[in-house]
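Working notes, structure below.
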Amino acid sequence: MKTIDIRTVNVVQYIKPLREGGSLPAIVKADDDFLYVLKFRGAGQGKKALIAELIGGELARAIGLKIPELVFMNLDDSFSKTEPDEEIQDLLKFSVGLNLGLHFLSSAITFDPLVTSVDALTASKVVLLDSIISNIDRTVKNTNLLHWNKELWVIDNGASFYFHHNWTTWENHLTKTFPLVKNHVLLAKATQLADVAKDFLSILTKDKIEEIVNTIPEDWLQHESDALTPDEMRAAYIKYLLAKLAMIDSLVKEAEDAR
Numbered sequence: 001m002k003t004i005d006i007r008t009v010n011v012v013q014y015i016k017p018l019r020e021g022g023s024l025p026a027i028v029k030a031d032d033d034f035l036y037v038l039k040f041r042g043a044g045q046g047k048k049a050l051i052a053e054l055i056g057g058e059l060a061r062a063i064g065l066k067i068p069e070l071v072f073m074n075l076d077d078s079f080s081k082t083e084p085d086e087e088i089q090d091l092l093k094f095s096v097g098l099n100l101g102l103h104f105l106s107s108a109i110t111f112d113p114l115v116t117s118v119d120a121l122t123a124s125k126v127v128l129l130d131s132i133i134s135n136i137d138r139t140v141k142n143t144n145l146l147h148w149n150k151e152l153w154v155i156d157n158g159a160s161f162y163f164h165h166n167w168t169t170w171e172n173h174l175t176k177t178f179p180l181v182k183n184h185v186l187l188a189k190a191t192q193l194a195d196v197a198k199d200f201l202s203i204l205t206k207d208k209i210e211e212i213v214n215t216i217p218e219d220w221l222q223h224e225s226d227a228l229t230p231d232e233m234r235a236a237y238i239k240y241l242l243a244k245l246a247m248i249d250s251l252v253k254e255a256e257d258a259r
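Numbering follows full-length UniProt numbering, in which position 157 of the sequence shown is assigned residue number 157; successive positions increment by one, without gaps.
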């Protein structure tokens, strides 16, 4: 089973929580001496948000968008025992095991569409990708984009694939477009959607999608309340993405009409 090569590191120091994130991500140091933004498996949307983050991030990387390196992060139970804040203590306790980290981009600033310009090609890639992965969280209110080294970096894809919060109805989403694209922060700049769609179809092959989906740790696909097995879930993510790529012309038209 071919997968993307993602490093695994161990958390050695909890530095500080990032209070602006609803799920209380944190800046941590790993045993490779780098800093990461740690996304916790014990947070609100749990392991499903980590799966969305992983798939969305690696799809973004595949199509040439800038995204911080993603790593698997082992968290042991020692951190919760020394944390005075009860909310964070619980989060650390429920997140023991394998979590997801994004390389921390020091001195990056949150993208502000009124201050920072973005080229049409990059904007079109982000808009179309978010339509494919049904990312409802890239709006003016919460851009989930960073400006670093004069480039746009994509972060926070955890709100994507919202169908996976209810596996009993997931197949209803296979034929749906993405009307919420009308709220996308980069929509006004996305003037090359048709060109980008052709590139997506040549890059995001079935093999590439399988490679990305197969990277999801088995442990993240196991939950007693889920109706599907881990293998069935993997197959569902692949089927969903292939269905969206098959209707990419409709997604392009929807975005262009909204723009």
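We put the beta carbon where it would ideally sit given N, CA and C, even for glycine.
Please confirm whether residue i and residue j have their CB atoms less than 8 Å apart.
| i | j | result |
| --- | --- | --- |
| Leu129 | Lys66 | no |
| Leu100 | Met73 | yes |
| Phe161 | Ile55 | yes |
| His147 | Phe163 | no |
| Ala194 | Val115 | no |
| Leu187 | Val181 | yes |
| Val154 | Ala235 | no |
| Val96 | Thr8 | no |
| Thr215 | Ile4 | yes |
| Ala43 | Leu24 | yes |
| Glu211 | Lys2 | yes |
| Thr143 | Thr122 | no |
Considering only the alpha carbon of each residue, which of the options lies closest to residue i?
| i | options | result |
| --- | --- | --- |
| Thr169 | Leu121, Gly42, Asp226 | Asp226 |
| Ala190 | Glu256, Ala26, Leu18 | Glu256 |
| Arg41 | Phe104, Asp76, Lys16, Val12 | Asp76 |
| Tyr237 | Ser117, Trp167, Val126, Gln13 | Trp167 |
| Leu105 | Lys150, Thr82, Val127, Val118 | Lys150 |
| Ala120 | Val185, Ile88, Thr139 | Val185 |
| Gln192 | Lys125, Ala159, Asn142 | Lys125 |
| Ile88 | Lys39, Thr110, Ile209, Glu171 | Lys39 |
| Asp207 | Lys239, Ser80, Asp32, Asp90 | Lys239 |
Opposite residue i in the DSSP bridges: which residues?
| i | result |
| --- | --- |
| Pro17 | Ala26 |
| Phe10 | First, the amino acid is wrong: residue 10 is Asn here, not Phe. Asn74. |
| Lys66 | Trp153 |
| Leu251 | According to DSSP, Leu251 bridges with nothing at all. |
| Lys198 | Paired residue(s): none; Lys198 is not in a bridge. |
| Trp148 | Glu151 |
| Tyr237 | Paired residue(s): none; Tyr237 is not in a bridge. |
| Val37 | Ile27, Leu102 |
| His184 | Thr139 |
Applying the criterion that 16 or more other CB atoms from any shown protein chain within 10 Å of the CB defines a buried residue, is residue i buried or exposed?
| i | result |
| --- | --- |
| Val213 | buried |
| Asp137 | buried |
| Gly57 | buried |
| Ala30 | buried |
| residue 316 | No statement about residue 316 is possible, as the shown extent of the chain runs from 1 to 259 and does not include it. |
| Lys176 | exposed |
| Leu201 | exposed |
| Val28 | buried |
| Asn10 | exposed |
**Report entry** Runs of alpha helix (DSSP H) lying entirely within the segment 95-142, each at least 4 residues, in chain order
**Finding:** 120-132
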